[in-house]
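Student:
Residue numbers (the numbering used here): 566 to 633.
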């Protein structure tokens, strides 16, 4: 018999909701959702992390925003 999954903290619950929504909308590559979920839950996502993830998922996004 498998052990029940431990309860998620509020940070983990919110990170899961955010990652699922971003993946569903195609704004974050699905292959990177678990990594994003962990970073969100621990509070380690920086602006550059968001930019890289979105640029990977959305063609032409690296030309928008005027940064760089």
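In this text, a Cβ means the ideal position worked out from N, Cα and C, and glycines have one as well.
Which same chain residues end up closer than 6 Å to residue 606 when comparing Cβ atoms and leaving out the 5 residues on each side of it in sequence?
Tutor: The answer, listed in chain order, is 576, 577, 580.
Student: Report buried or exposed for residue 602, applying the criterion of at least 16 other Cβ atoms within 10 angstroms of its Cβ.
Tutor: So residue 602 ends up on the buried side.
Student: Buried or exposed, going by whether 16 or more other CB atoms sit within 10 Å of the CB of residue 584?
Tutor: Per the 10 Å Cβ criterion, buried.
Student: Between the C-alpha atoms of residue 621 and residue 574, what's the straight-line distance to the nearest angstrom?
Tutor: Cα to Cα, the separation comes out at about 29 Å.
Student: Check residue 633 in the structure and name its three-state DSSP category.
Tutor: With a pLDDT of 48 at residue 633, under the threshold of 50, the predicted position of this residue should be treated as unreliable, though the coordinate-derived value follows. Of the three classes helix, strand and coil, the one that applies to residue 633 here is coil, per DSSP.
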